[in-house]
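Residue numbers (the numbering used here), protein chains in the order written: chain C, 539 to 954; chain Z, 113 to 198.
Have a look at this one:
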């Protein structure tokens, strides 16, 4: 059913009894041309673009739990392409352009809100670093503006401009950045893929990858064996344990990233704001909750919850930047499972196993890349060649030295 | 999450900085393939993990900690120096 004002009026007159399920709850077949392991944002987007852009059929997405149960269902909703390195800007800017047309493209309200992303700076050195990043963005076709102190005050006068310890000197602004309703992204892509013939299969955990003579031929799952000509892994957070089923070790550590939502408040935070003197970033959802977070906890974890030192650190950052939010009650707090890679950048590549493809290493920045990652991974699966926007995000870059290290921190995942 | 430092006793994990997998052996630098594995590739297992923690806000000892990364239960902690010597 196509969603439109007409369909809404028709359903209203019919007492809303005619709405159909948004995607087929498909049962697994014995064989597919392409199996995508992982029904998160990236896996579903990949399936959607394989069907829509590359016209492929006979595709399945295997999700170990229910659609929306992973990081796509719990993230801080931010979209942006304000990176430093060309290899990253090209992919995130491709993704941002896709966000701009997505709702019309997949006929679903994802509440794409380009309300702006402002990175505050608090020292001359930080200003220079942000100016450099803003210039790199422009050189790569993204938008950026450098605001001075008065420019920031005009936008957000409620910030703490009196803090002598963390003086707000200005900010790097990407006006086209903003927020998106993340659940709707999962549902929109699942529906769009399913309508184009993709089987979206829930409660189907991959427990093994079958390899014959160096070629992947299928997977073992909790719902039986499924043969496949091509297998794409999109299970960031769990990339190491799924890749281990193919005998691979990855340049990844699994870590926890915490995030927080406050009680609903009247609109007070118009855009996305990040603190430059501590790990704190915030936006406000249309429901009124403040959505905020900070740094990863910093140790290997599969627990999907973090510890109190980060909670304290994030709240201290919030109080330093905008003490006005201090009385709001925290309503929700969770921890996500993320692939921290050895250079802080994602990995989208073939593997040494023929027919097995990897989309991993998204660290804490996967949500904004959902459309871009889906498109470039679909390209890789369809054409067996990296997409031009992601052709440096290869698995062997660590061996060859062509790492993509935004922070320049080196081979320690918890520093990225 | 608390770590039982052998010198300082049980301390909050925020007193420490984390350095990752402690089961790897640094190879001879000429062996570039082994060095690539050592620097970049990780098992990243679920469950029990042996890892380095540095007591930055305490005695500055390097510890080898055994911790379950799925439950965050800290099982034990020994001085990295003691294990290296044995």
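Ideal placement from N, C-alpha and C gives every residue a C-beta, glycine not left out. Quick caveat: nothing in here was measured; it's all calculated off a predicted structure.
For residue 167 of chain Z, the closest Cβ of chain C is not nearer than 7 Å.
At a C-beta separation below 7 Å, residue 183 of chain Z has these neighbours in chain C: 841.
Here the region 581-590 of chain C does not lie against the region 689-703 of chain C, with fewer than 3 beta-carbon pairs under 8 Å apart. Residues of the region 753-766 of chain C with a C-beta less than 7 Å from any C-beta of chain Z: none at all.
Residue environment: residue 628 of chain C is assigned as buried (16 or more neighbouring CB atoms within 10 Å of its CB, all protein chains considered). Between residue 858 of chain C and residue 736 of chain C the beta-carbon gap is near 47 Å, outside 8 Å, which marks them as no contact. DSSP places residue 637 of chain C in the uninterrupted alpha helix (DSSP H) bounded by 624-644.
The shortest CA-to-CA distance from residue 944 of chain C to any of C:690, C:607, C:621, C:672 is the one to C:621. Contact between residue 878 of chain C and residue 152 of chain Z is absent: CB atoms are separated by about 13 Å, not below the 8 Å threshold. Between the C-alpha atoms of residue 953 of chain C and residue 839 of chain C there is a straight-line separation of about 15 Å. Chain order gives the chain Z residues near residue 847 of chain C as 124, 125, 126, where near means a beta carbon separation below 8 Å.
Interface criterion not met: the Cβ of residue 585 of chain C is under 7 Å from no Cβ in chain Z. Exclusion of the five residues before and after residue 923 of chain C leaves 917 as the residues of its chain whose Cβ lies within less than 8 Å of its Cβ. By the neighbour-count definition (other C-beta atoms within 10 Å, threshold 16), residue 161 of chain Z is a buried residue.
Identification of chain C residues near residue 132 of chain Z by a Cβ-Cβ cut-off of 9 Å yields 791, 837, 838, 950, 951, 952, ordered along the chain. At a C-beta separation below 9 Å, residue 155 of chain Z has these neighbours in chain C: 778, 782, 787.
With distances taken between CA atoms, residue 609 of chain C lies nearest to C:906 out of C:658, C:906, C:948, C:926. Within the model, the alpha-carbon separation for residue 883 of chain C versus residue 804 of chain C is close to 37 Å. At a beta-carbon threshold of 7 Å, the residues of chain C lying near residue 161 of chain Z are 838, ordered along the chain. Distance from the CA of residue 178 of chain Z to the CA of residue 604 of chain C, rounded to the nearest whole angstrom, comes to 33 Å. Taking 7 Å as the cut-off, the Cβ atoms of residue 648 of chain C and residue 722 of chain C count as close.
In this structure, the beta-carbon distance from residue 681 of chain C to residue 714 of chain C falls below 7 Å.
Leaving aside the five residues that flank residue 728 of chain C on each side, the residues in its chain whose CB is nearer than 6 Å to its CB run, in chain order, 561, 582, 605, 738. Pairing residue 689 of chain C with residue 665 of chain C, the inter-Cα distance amounts to about 14 Å. Residues of chain C whose Cβ lies closer than 7 Å to the Cβ of residue 113 of chain Z are, in chain order, 845. By the Cβ criterion, the region 815-835 of chain C is in contact with the region 861-879 of chain C, since at least three pairs of Cβ atoms, one from each stretch, lie closer than 8 Å. For residue 657 of chain C, DSSP records a beta bridge to C:710, C:812.
The way I'd put it, the region 744-752 of chain C doesn't touch the region 550-559 of chain C; fewer than three beta-carbon pairs between them come closer than 8 Å. Excluding sequence positions up to five before and after residue 740 of chain C, its CB lies within less than 8 Å of the CB of 563, 577, 601, 603, 604, 605, all in the same chain and listed in chain order. DSSP places residue 908 of chain C in the uninterrupted alpha helix (DSSP H) bounded by 908-921.
Taking 7 Å as the cut-off, the Cβ atoms of residue 919 of chain C and residue 885 of chain C do not count as close. DSSP, read as helix, strand or coil, puts residue 586 of chain C in helix.
In this structure, residue 566 of chain C lies away from residue 734 of chain C, with their beta-carbon atoms at least 7 Å apart. Proximity of residue 152 of chain Z to chain C, defined by a Cβ-Cβ separation below 7 Å, is satisfied. With respect to chain C, the C-beta atom of residue 158 of chain Z has a partner C-beta closer than 7 Å. Chain Z has no Cβ within less than 7 Å of the Cβ of residue 930 of chain C.
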